[in-house]
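Chains as they are written, first to last, in our numbering: chain A, 156 to 376; chain B, 281 to 500. We put the beta carbon where it would ideally sit given N, CA and C, even for glycine.
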Amino acid sequence: MSRFLHIVHRDLRLALRQGMDSLMVVFFFVLAVVLFPLGVGPEANLLARIAAGVIWVAALLAAMLSLERLFQNDFDDGSLELLVLAPVPLEVVVLAKVGAHWLTTGLPLMVTAPLLAVLLNLGADGFLVLVATLALGTPTLSLIGAVGAALVLGSRRGGVLLSLLLLPLYIPVLVFGVGAIDAAVGGFAMRAQILILGALFLGALALCPWAAAAALRQALE
Amino acid sequence: MPQFRGQELTCIRGERVVFAGLGFTLDAGGALLLKGPNGSGKSSLLRLMAGLLRPASGALAWDGEAIWSDPDGHCRRLHYVGHLDAVKPAFTVAENLAFWFGLQAGGSSASAVEAALEAFAIAHLADLPGRYLSAGQKRRLNLARIVAAPAPLWLLDEPATGLDEDAVARLEDAIARHRAGGGMAAVSTHAGLDVEAAEVVELGRFPAKDGFAAAGEWEP
Numbered sequence: 156m157s158r159f160l161h162i163v164h165r166d167l168r169l170a171l172r173q174g175m176d177s178l179m180v181v182f183f184f185v186l187a188v189v190l191f192p193l194g195v196g197p198e199a200n201l202l203a204r205i206a207a208g209v210i211w212v213a214a215l216l217a218a219m220l221s222l223e224r225l226f227q228n229d230f231d232d233g234s235l236e237l238l239v240l241a242p243v244p245l246e247v248v249v250l251a252k253v254g255a256h257w258l259t260t261g262l263p264l265m266v267t268a269p270l271l272a273v274l275l276n277l278g279a280d281g282f283l284v285l286v287a288t289l290a291l292g293t294p295t296l297s298l299i300g301a302v303g304a305a306l307v308l309g310s311r312r313g314g315v316l317l318s319l320l321l322l323p324l325y326i327p328v329l330v331f332g333v334g335a336i337d338a339a340v341g342g343f344a345m346r347a348q349i350l351i352l353g354a355l356f357l358g359a360l361a362l363c364p365w366a367a368a369a370a371l372r373q374a375l376e
Numbered sequence: 281m282p283q284f285r286g287q288e289l290t291c292i293r294g295e296r297v298v299f300a301g302l303g304f305t306l307d308a309g310g311a312l313l314l315k316g317p318n319g320s321g322k323s324s325l326l327r328l329m330a331g332l333l334r335p336a337s338g339a340l341a342w343d344g345e346a347i348w349s350d351p352d353g354h355c356r357r358l359h360y361v362g363h364l365d366a367v368k369p370a371f372t373v374a375e376n377l378a379f380w381f382g383l384q385a386g387g388s389s390a391s392a393v394e395a396a397l398e399a400f401a402i403a404h405l406a407d408l409p410g411r412y413l414s415a416g417q418k419r420r421l422n423l424a425r426i427v428a429a430p431a432p433l434w435l436l437d438e439p440a441t442g443l444d445e446d447a448v449a450r451l452e453d454a455i456a457r458h459r460a461g462g463g464m465a466a467v468s469t470h471a472g473l474d475v476e477a478a479e480v481v482e483l484g485r486f487p488a489k490d491g492f493a494a495a496g497e498w499e500p
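Rendered as structure tokens:
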């Protein structure tokens, strides 16, 4: 456990020192969402109708932006070899790195999203649900993303490959995330969608560290 | 007394047999010097010993127990120095070392970090960010890492690369002290590093052509 926190602490400090990554993700998120009112026109009803979908799609793309770097830097400078050889299961290392990644990208997205929801005229009932779905959804995105990031290690143009690999896998999270918000705004029950998001998160938490660790071992052979 | 032993090891990289039927024995206080031309499998053998690679056949055992049966236990008793120095440009020299020390030893100790930096004469650089280090200084930092947290088995892949004479002498000294304390070391080197009373393993005795024949994939 102390070693788990040790790695989280290191990755957080690295992210803070190099600063730009987190900021870039948030700026991309804001810009992508702001483009929509400009593109589809300022009609309040239309924006309210598409708000949940736009915010979720933008969050999904923003989360992916930084995933390529999750293991790449450590791979390039030899740290990854030493992390694999550390006296901790590699799955724990992966989980620690994913945790740090979520704290530096998923969490800022979650904080920014309600502000953007105001901009898009999202119904008042949707705000809390928006934050709740992002709280359950963004860790899932980071976990699934870790598998992709580990698989494309060492390949050129890994970023594009990563998008092609991950976007299809992100569809369930997107569908149920947006579904829950739409249901809440429309006054319907949204318990089922939230539960499914929770299940997706738990499933990813249980499976993804193992898959990513196996991919990392493969990358180092 | 611990013993690290490899038997009948075969390593295949990219469908080419790098070496076959290789064996070694390392006792407490012993050292293995791996020699051979480029591509003869020195690095591969060290990666096999570390558990980063799996041999195509053969066995690696610590005290008679296969290293695969307890990978974490094996990681706990080894230090590996590869071609890359794992120095984070955003961290200072002391922070870089403190992270690896904490990961290996599971705690923090300012005095151990200080002593290890002193052993490779880079204590005066402790507060300098990694991005300003020269290649030789990075290598010294990487070697300070293995001195900081004790582990019985050192696997050093061309550790003298980029080091000046003073640092090579310090490395030889560190290896000698490590062995005097009952540690083992496997070192690959081309030249310039003097390891006393080491058993020499000559790699590259298996030319590629024979290798293919051995693997049954070469039919002239």
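Quick one: what's residue i bridged to in DSSP?
| i | result |
| --- | --- |
| P409(B) | T372(B) |
| L423(B) | None, per the DSSP bridge assignment. |
| G174(A) | Partner(s): none; G174(A) has no beta bridge. |
| E345(B) | W342(B) |
| H359(B) | W434(B) |
| Q283(B) | D307(B) |
| L314(B) | S468(B) and V481(B) |
| S337(B) | T290(B) |
Residue i by DSSP, collapsed to three states: which one?
| i | result |
| --- | --- |
| V475(B) | coil |
| V480(B) | strand |
| T290(B) | strand |
| V467(B) | strand |
| L434(A) | Residue 434(A) is absent from the model: chain A starts at 156 and stops at 376. |
| S391(B) | helix |
| P439(B) | coil |
| E246(A) | helix |
| G309(A) | coil |
| M179(A) | helix |
| I402(B) | coil |
| G303(A) | helix |
| G278(A) | coil |
| D365(B) | coil |
| G319(B) | coil |
Between residue i and the rest of its own chain, which residues show a CB-CB distance below 6 Å, the 5 nearest in sequence each way excluded?
| i | result |
| --- | --- |
| V307(A) | G313, L316 and L317 |
| K489(B) | Residue confidence is low: K489(B) scores 47 on pLDDT, short of 50, so the model does not pin down where it sits. Its coordinate-derived value is still stated next. If we look at K489(B) and ignore the five residues flanking it on each side, it has no Cβ neighbours. |
| L222(A) | G300 and A304 |
| Y360(B) | A330 and L435 |
| L167(A) | A255 |
In the DSSP assignment, the alpha helix (DSSP H) including residue i goes from what residue to what residue?
| i | result |
| --- | --- |
| I326(A) | G313 to G341 |
| D453(B) | E445 to A460 |
| S414(B) | Looking at the DSSP string, S414(B) is not in any alpha helix (DSSP H), and its letter there is neither H nor E. |
| G353(A) | R346 to L375 |
| P263(A) | L262 to L274 |
| D229(A) | R224 to D231 |
| W211(A) | A199 to L220 |
| S323(B) | K322 to A330 |
| L258(A) | Where L258(A) is concerned, there is no enclosing alpha helix (DSSP H), given that its DSSP letter is neither H nor E. |
| L238(A) | S234 to V239 |
Among residues of its own chain, excluding the 5 on either side of residue i, which ones have a beta-carbon nearer than 7 Å to its beta-carbon?
| i | result |
| --- | --- |
| A339(A) | D280, G281, V284 and M345 |
| Q287(B) | G303, G338 and A339 |
Along the chain, where does the beta strand (DSSP E) that runs through residue i open and close?
| i | result |
| --- | --- |
| H354(B) | That residue, H354(B), is in no beta strand (DSSP E); its alpha helix (DSSP H) goes P351 to R356. |
| V297(B) | R296 to D307 |
Might you give, ordered along the chain, the residues of its own chain that have their beta carbon closer than 8 Å to the beta carbon of residue i, omitting 5 neighbours on each side?
| i | result |
| --- | --- |
| T372(B) | A406, D407, L408, P409 and G410 |
| T290(B) | V297, F299, A300, G301, L302, P335, A336, S337 and G338 |
| V248(A) | I162, L238, V239, A241 and A368 |
| I205(A) | F191, V195 and L275 |
| A449(B) | none |
Inset, instruction - Tell me, please, whether the segment 347-359 of chain A touches the segment 234-244 of chain A by the rule of three or more beta-carbon pairs shorter than 8 Å. - result: no
Legend entry - Inter-stretch contact (C-beta, 8 Å, three-pair minimum) for the segment 366-380 of chain B and the segment 323-335 of chain B: Contact fails: fewer than three Cβ-Cβ distances are below 8 Å.
Legend entry - Inter-stretch contact (C-beta, 8 Å, three-pair minimum) for the segment 284-294 of chain A and the segment 200-217 of chain A: Under the 8 Å Cβ criterion, the segment 284-294 of chain A counts as touching the segment 200-217 of chain A, having at least three qualifying pairs.
Legend entry - Contact between the segment 188-205 of chain A and the segment 388-408 of chain B (3+ Cβ pairs under 8 Å): no
Inset, instruction - Evaluate contact between the segment 381-398 of chain B and the segment 432-448 of chain B, counting only Cβ atoms and requiring at least three cross-stretch pairs below 8 Å. - result: no
Legend entry - Contact between the segment 258-274 of chain A and the segment 224-231 of chain A (3+ Cβ pairs under 8 Å): no
Legend entry - Three-pair Cβ contact test at 8 Å for the segment 172-182 of chain A versus the segment 269-278 of chain A: No: fewer than three Cβ pairs fall under 8 Å.
Inset, instruction - Answer yes if the segment 307-325 of chain B comes into contact with the segment 456-473 of chain B, meaning at least three C-beta pairs across the two stretches below 8 Å, and no otherwise. - result: yes
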